Amino acid sequence: MSQNTLRELPGTEGENTFEELDSLTALNLERNLIQTLHADAFIGVRKTLTSLSLLNNLLPDFPTAAVSSLKELRVLDIGFNLLTELPLDAFKGNPSITLLALDGNPLATIPFEALSHLNGTLRGLSLGGRLSIGYATETSK
2 MSQNTLRELP
12 GTEGENTFEE
22 LDSLTALNLE
32 RNLIQTLHAD
42 AFIGVRKTLT
52 SLSLLNNLLP
62 DFPTAAVSSL
72 KELRVLDIGF
82 NLLTELPLDA
92 FKGNPSITLL
102 ALDGNPLATI
112 PFEALSHLNG
122 TLRGLSLGGR
132 LSIGYATETS
142 K
């Protein structure tokens, strides 16, 4: 579904885009114009999706509600969006992420608390591009 000029992914209040795709494990939504991911956008694949690429879209905010439902997610690429901050609970619902790409986002800092939820699983972290690294800890708040 890459390069299709998608602007949003509706949830159950609209049309459930991924309904009955209960064997889908990888989803490529790269190079669209996505600005909005509704909280239940991935409800049809929440138990099976292990890889999600949202690379090079127009997301202004981290889609915590939509991503947190993906309990089996292992790979998340959300690089080259418009993210300026990473919520402290960004990955709280994703205990299995092993590879995370945040490249090219204008993030000022990466809060330690956001990544602490991935303490036992994270093996690869990509922060290149426009990212200004200013690793925030509890004491620097």
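So this note's numbering is basically just the index in the sequence shown, starting at one, shifted up by 1.
For every residue, glycine included, the Cβ atom is placed at its ideal position computed from N, Cα and C.
Since we're looking at a predicted model, the values are computed, not measured.
message: Spatial neighbours of G94 within its chain, please: C-beta separation below 6 Å, excluding the five flanking residues on both sides.
response: S69
- prompt: How is G125 classed by DSSP in three states: helix, strand or coil?
  reply: strand
C-alpha distance - T26 paired with V76, whole-angstrom precision: 11 Å
query: Of all the options F92, E21, A102, which has the alpha carbon lying nearest to the alpha carbon of E31?
result: A102
message: Along the chain, where does the alpha helix (DSSP H) containing L83 start, and where does it finish?
response: Looking at the DSSP string, L83 is not in any alpha helix (DSSP H), and its letter there is neither H nor E.
- request: Within the same chain, show all residues whose beta-carbon is closer than 6 Å to that of P88, passing over the 5 residues directly before and after it, in chain order.
  value: F63, T65
query: Under three-state DSSP, which class holds T37?
result: strand
query: In chain order, which beta strand (DSSP E) runs of at least 3 residues are fully inside the stretch 37 to 69?
result: 52 to 54
field: Residue closest to L83, alpha-carbon to alpha-carbon, out of K48, N106, G129, G45
entry: N106
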